[in-house]
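Using the working numbering, the letters of the sequence shown map in sequence onto residues 159 to 1075.
In this text, a Cβ means the ideal position worked out from N, Cα and C, and glycines have one as well.
The structure presented is a predicted model; accordingly, all values stated were derived computationally and were not measured.
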Amino acid sequence: MNFRELLPIYISFSSWICLAVALTKPDFRYISRKDLQQSIKSFSLEGMDQYSQIMFDVARDQIIIGARDTLYKMHLSKVELLEAVKWEATREKQLSCIYKGQDEGTCHNFIKILLTNGHEIFACGTNAFSPICSWRNIEDLSNVTQLLDGVAKCPYNPAASVTGILSQSSEYFFGGTTDFSSSDSLISKNINGVPLLRTKQYNSFWLNDPEFVGSFETTQFVYFLFRETAVEYLNCGKIVYSRIARVCKNDQGGHTMLRDNWTTFIKARLNCSVSGDYPFYYNEIQSAQYIPGENVVYAAFTTPANSIAGSAVCAFNMTAIDEAFNGPFKHQHDMDSAWTSHDVPHREHLECKPFRHSSLLETSRFQLMDNAVQATTLDPLHIANLERFTHIAIDVVHPHIHVIYVATEEGSIKKLTAIPHMKMACVVEIWQVTSNHRHSINNMQFLKKTNSIYATIEDSLISIQADHCRRHSSKESCLNAMDPYCGWNELVDGCTSVPEGDSHHKYWKQLSLSCPVLDTPINGGWSSWSEWKPCYHRISSESDNDQCVCQTRHCNNPAPANDGQPCGGSSVAVVNCTVHGGWSDWSAWSACSATCGTAVKTRFRTCTNPAPAFGGRVCVGQDRTEAFCTENPPCPTQPTHGGWSGWSHWSACSTNCTGYKTRDRKCDNPTPKNGGEYCKGNDLEYAPCNEAACKDHKQLHVTEWITDANISIRHYHQKRFKITCKAPVKHPQQIKVIVKDESQVCYHNKCEPEEGDHNGWSSWSSWSECSAICDGGTQTRTRQCYKGNCLVAGLNGHHAMRLAAGGLKPDTGNVWTKNVKEPIRKRKLATISLVKISWDGEIGQNGPYVMKMIYNTEEELATQTIQDLTCAKAMSFKKECVSWHSVAETCCANPTHRHSNVPVTHLIEIIYIFGTS
159 MNFRELLPIY ISFSSWICLA VALTKPDFRY ISRKDLQQSI KSFSLEGMDQ
209 YSQIMFDVAR DQIIIGARDT LYKMHLSKVE LLEAVKWEAT REKQLSCIYK
259 GQDEGTCHNF IKILLTNGHE IFACGTNAFS PICSWRNIED LSNVTQLLDG
309 VAKCPYNPAA SVTGILSQSS EYFFGGTTDF SSSDSLISKN INGVPLLRTK
359 QYNSFWLNDP EFVGSFETTQ FVYFLFRETA VEYLNCGKIV YSRIARVCKN
409 DQGGHTMLRD NWTTFIKARL NCSVSGDYPF YYNEIQSAQY IPGENVVYAA
459 FTTPANSIAG SAVCAFNMTA IDEAFNGPFK HQHDMDSAWT SHDVPHREHL
509 ECKPFRHSSL LETSRFQLMD NAVQATTLDP LHIANLERFT HIAIDVVHPH
559 IHVIYVATEE GSIKKLTAIP HMKMACVVEI WQVTSNHRHS INNMQFLKKT
609 NSIYATIEDS LISIQADHCR RHSSKESCLN AMDPYCGWNE LVDGCTSVPE
659 GDSHHKYWKQ LSLSCPVLDT PINGGWSSWS EWKPCYHRIS SESDNDQCVC
709 QTRHCNNPAP ANDGQPCGGS SVAVVNCTVH GGWSDWSAWS ACSATCGTAV
759 KTRFRTCTNP APAFGGRVCV GQDRTEAFCT ENPPCPTQPT HGGWSGWSHW
809 SACSTNCTGY KTRDRKCDNP TPKNGGEYCK GNDLEYAPCN EAACKDHKQL
859 HVTEWITDAN ISIRHYHQKR FKITCKAPVK HPQQIKVIVK DESQVCYHNK
909 CEPEEGDHNG WSSWSSWSEC SAICDGGTQT RTRQCYKGNC LVAGLNGHHA
959 MRLAAGGLKP DTGNVWTKNV KEPIRKRKLA TISLVKISWD GEIGQNGPYV
1009 MKMIYNTEEE LATQTIQDLT CAKAMSFKKE CVSWHSVAET CCANPTHRHS
1059 NVPVTHLIEI IYIFGTS
C-alpha cells in the first residue's frame, strides 16, 4: 500500500482526532434524549417488535406501520392506535420454516412491503419464508380483498434489503431476492399480481448480489438504487459500488431470447467521493430519497463495514443521471479482457421510444454505463467521520432550502441544512433519539403536514417535531442558530417557528441562512430535569447526612459558550429529605385544676422544632408535665349524699317453673360521707321468670302386706298402705301427703286383690274363642265362688281391661267407641269404675274409658253381641248404687226382651266404652 492509498485513512484519523477535541467543547446544537422528550410522541405495545415499514395516509390523517405479525393503523398527529390487525404465519408454515434450518425467530411474518394506491394498501410479508401479499381496505385493515403469492414481490428472508413501488398506472415494481436461499436477485414488474418481466436470472452482469435501498418513478422510467459487488473491479478482492438502475415503464420484454426479460434495463455507478488527485470514495449507498419537484436524489453513503467508519451525503440531479444513461456503455469482450467504453447505436428503446426488434439482441449485451453519475457538488454535502448513516429523509422548506435528516447506527438523527450557494450542508441540530444508543433506527420518513420526523426503532414508533426554537432564550442565539424553521418573533419576544406558515411575516425575523454561528456568545439553557433519585443531603453542619430525593439538570441546552450567560437557578432540586424531630419550648403553666385543696397544673411542648418528616426520628421524652399547686388553701368539708350505682344483671331464675329472679344495686355512686344521706329506695328487686306451671314431683312408698283379719284357717285378709308425697316444686312447704290402702284376700296361700268384683270369687278364666269369625260373635269366661255367699258388688278399684262381645280386642279402643251411644259418651258416671284402655294414666284424664258392669243372668245372655246391648237405666245410676243383683232392675239385652228373677248360675262381664266430657 503506497502513500496515496494511506492518505484517506490518515485524513479520516486526523479528522477523528479533531472531532474528539471538538466534542470536548460545549455544542448548543446537541439535544439529549431527555431534552428531546418534550417534542417526542411515541407508540409501543408490550411483546411487539420489529417495527419497520411506514406508510402515510394523509387524506385520512393516519399512518400505517408494518411490524412482525401485525399491521398497525395510528393517528397521524397524535400517534395513537386506531387499529391493530394480526397477520401471522400459520403453525404449519412456521414448523416447515424451522425444519428447513431457519432460526425460530425469523420464522414469522415480517412486513417488508407497504404501499397504497389511495383507497387500498398493498402489503407483503415473509410469512415464515413463504412470502405472501394482500390487498386490504385502507379504512379497515382487517378487510382483505385479495391474497396473492408473494414470490417475486417480497423476499423470503426478513433480513433482505428490498424496495417496491406502485406506479401511477398501478403496476408493481420490485427489487430484491426471490428465493429461499436469497441467491436469486431481480428487478421485476407485476401487473394485477402476475409477474411479467424480470432481470436475467443468475447473471452477474445484470445484478451481482444487490442490496436495494430505494426506488422512484418519473414520467417514463422507474429507477432503483442499490449497492452491489462491482463486476468491473479487476484488482484482487472485491469491492462494492453504489448503483442506480433504470427501466422503461412501457417495456414489454423480448420475443424470443429476451422473453420475460427487460429490454430496457441499464445501470450506472453513483459517485459520492471527496475530490482530489486520489479521490476518497464512499462506495456503499445506505438510503436515498427522490424529491419530485426538485428532480434531485439525496442519498446517504458509508465506507465499507471492514474499514474505518465514515459517512457522507450526496445529491444527484436528474440531469446528471440522464447524462450518464445517455453516454457510452462499459463492456468486457470476454473474461480475460479489460473493460472498455463502447457506443451502442439503435438505442431508442432504452429511451422508451419505438424501436426495431432486430436491435434488441445487440443491446442486450450492454447493461453497465461507462460514466458514473456525478453528484451536484464536487465534494459531498456533508461528511461525518466515525459515524455510519443508515437512513435519510428530506424536507423542502422552500425551493432553495432543503433540510436533510440522516439517522446513524447509534440511534441519533442529524438535522442538516442544504444551502445551494454554499455547496454544502450545515449541521443545525443533533438529536439523541434512542436511550443509551441501545437501538438503531429501522426506518425514517419526514411528513410535511405535521412537520415531523417519523422513525421506527426495534419496539416502537416515534414522532419528533422538526423545530426546537424555544431552546434559544435570546434573539442573538435564535438567529445565529440558522435553523430554517426558527426566527425571532417580536410580538412574543421569543424564538418561534414560522407564524401561521408565513415566513414573510413582518414581526418574524430570520437571517439569510448559512451555517450556524458557533463563535458568538451563547447563553446557557437548562436541560430537562432528571428522574427523582435517592440522594444524601446535609441540612446543616451539625446534622448527619440525611437521605433525600433529588433531581438534577444541566446547563447544556444549549451550554453557555463564547462568554454567553450561564443558566440561572439551581441545578439540583431536593425534596423529601429526612428530618429528625425537635422539641419546641415548654408552654407556660396552666391554671390549677381546683381553687382549693389538692390540685395540679400542667405545661406542654410539641415535636415541631422541626417536625419529623420522611422517615426522620421522633422526639424523645415527655410532651407534658404536671406539678402540684402548693399555694391552694384547704377546701371546706361538704356532706356527700349517696347515689345508686346501676342495677346489676338479673340473676338466674330460681326454678325452671313459676320461679323468680333478682338484681341489686349499691349506694356507692358516690358513697355517702361527711354526714351525707343514704340512697333512697330498694337495693334488691325481684321479677317473675319461667312462669309456666310446674309439674308435680311424686314419690311413692308402699308398706309390706300385713294380716288384719282371718276369715278362716286358710282364708285371711291382708292390707298394705301406699304413701304418696307430691309437690309442684322441691320445697318442704309444698309437699302433700296422700295415704291409700290396698287389700287382698288370700286362700290356700294364693292371694287375689280385693276388688269390687272379686269378693269371694276366684280369678276369671281366659276368654273363649270367638263364636264366629265374622258378622258378630261372642266370647265367654267363668270364675268360681270360694265363699258360700259371693257378692256381686264392689266395682271400685278394678284396673284390668276386659272384653266380652263382638270379638273386639283391648288394643282397638277406637273401634269400641263407635258403638257407644253419644248421650252416654258425654256423661260422667261416678258410680261406675272407669279404666283407660290405650295408655297409662289416672282416672280423670281425657280419653276413652271402659265401663264394667256385672250381670247375674243365664248363660244364653252371653250370646248377645255388644251391638245388641243397650243400657236402659245407665243414665239414672246413683252414687249409692254400688251393688245390685237383678239385671231386670238395670239393663236389658235388647228392647224386646227383659230378663227378671234369673237364678244366679254364672256371672257374665259386659264391657261398654265411654268417653269423658
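By Cβ distance below 7 Å, which residues in the same chain neighbour residue i in space, the five residues on each side in sequence not counted?
i	result
Asp-528	Gly-485, Pro-486, Phe-487, Lys-488 and Ser-499
Gln-220	Lys-231, Met-232, His-233, Leu-234 and Leu-240
Pro-886	Cys-852, Asp-854 and Gln-892
Gly-412	Asn-419, Thr-421 and Leu-518
Thr-861	Arg-878 and Phe-879
Ser-618	Ser-200, Phe-201, Ser-202 and Tyr-209
When the Cα of residue i is compared with those of the options, which residue comes out closest?
i	options	result
Ser-288	Leu-272, Ile-296 and Lys-258	Lys-258
Gly-800	Asp-841, Arg-385 and Gly-935	Asp-841
Gln-378	Cys-713, Ile-269 and Ser-327	Ser-327
Trp-863	Ser-728, Phe-879 and Tyr-381	Phe-879
Arg-294	Gly-645, Gly-395 and Lys-244	Lys-244
Asn-767	Ala-757, Trp-744, Thr-756 and Thr-284	Trp-744
Cys-673	Leu-539, His-491, Val-897 and Ala-286	Leu-539
Val-554	Tyr-874, Leu-508, Met-602 and Asn-609	Asn-609
Ala-785	Thr-756, Cys-811, Pro-792 and Pro-797	Thr-756
Thr-788	Ala-749, Cys-811, Asp-822 and Pro-794	Ala-749
Asn-464	Tyr-436, Ser-197 and Leu-544	Leu-544
Met-206	Thr-248, Gly-263 and Glu-250	Gly-263
Gln-211	Lys-236, Ala-281 and Phe-186	Ala-281
So, at 6 Å on beta carbons, what are the nonlocal neighbours of residue i in its own chain, with the 5 sequence-adjacent residues on each side left out?
i	result
Trp-747	Lys-759 and Arg-761
Ser-445	Val-371, Ala-458, His-549 and Ile-550
Ala-482	Ala-426, Met-527, Asn-529 and Val-531
Arg-191	Gln-590 and Ser-593
Indicate the three-state DSSP secondary structure (helix, strand or coil) for residue i in the structure shown.
i	result
Ser-346	strand
Trp-997	Interpretation of Trp-997 is limited by its pLDDT of 31, a score under 50 that renders its predicted location unreliable; the figure taken from the coordinates is listed afterwards. Of the three classes helix, strand and coil, the one that applies to Trp-997 here is coil, per DSSP.
Glu-246	coil
Asp-528	coil
Phe-423	coil
Asn-1078	It is not possible to answer for residue 1078, since the shown part of the chain is limited to 159 through 1075.
Pro-657	helix
Ser-197	helix
Val-389	coil
Glu-862	coil
Phe-879	strand
Ile-479	helix
Ile-871	coil
Ile-931	coil
Asn-600	strand
His-662	coil
Gln-857	strand
Pro-450	helix
Can you say whether residue i is buried or exposed, counting buried as having 16 or more other CB atoms within 10 angstroms of its CB?
i	result
His-630	buried
Gln-195	exposed
Asp-261	exposed
Leu-111	Any answer about residue 111 is impossible in this case: the structure gives the chain only from 159 up to 1075.
Ser-469	buried
Arg-872	exposed
Asp-641	buried
Cys-472	buried
Ala-649	Before going on, a small fix: residue 649 reads as Leu here, not Ala. Leu-649 is exposed by the Cβ-count criterion.
For residue i, I'd like the list of residues in its chain whose CB is within less than 8 Å of its CB, leaving aside the five on either flank, ordered along the chain.
i	result
Arg-218	Ile-296 and Glu-297
Ile-615	Tyr-209, Gly-569, Val-591, Thr-592, His-597, Ser-598, Ile-599 and Asn-600
Leu-637	Gly-645, Trp-646, Lys-667, Gln-668 and Leu-669
Pro-512	Glu-506
Would the C-beta of residue i count as close to the ligand FMN, meaning under 8 Å from any of its heavy atoms?
i	result
Lys-838	By its list of ligands, the structure shown contains no ligand whatsoever, and the ligand FMN lies outside what it can speak to.
* To do: Kindly confirm or deny that the region 225-239 and the region 708-726 touch, where touching means at least three C-beta pairs closer than 8 Å.
  => The way I'd put it, the region 225-239 doesn't touch the region 708-726; fewer than three beta-carbon pairs between them come closer than 8 Å.
* **contact_flag[the region 578-589, the region 490-509] where n(CB pairs < 8 Å) is 3 or more** => As far as the Cβ criterion goes, the region 578-589 does not touch the region 490-509, which means the pair count is below three.
* Asked: Do the region 898-913 and the region 927-940 touch if we need at least three Cβ pairs shorter than 8 Å?
  -> Result no; under three Cβ-Cβ pairs closer than 8 Å.
* **Three or more C-beta pairs below 8 Å linking the region 674-687 and the region 650-662** => Touching, no.
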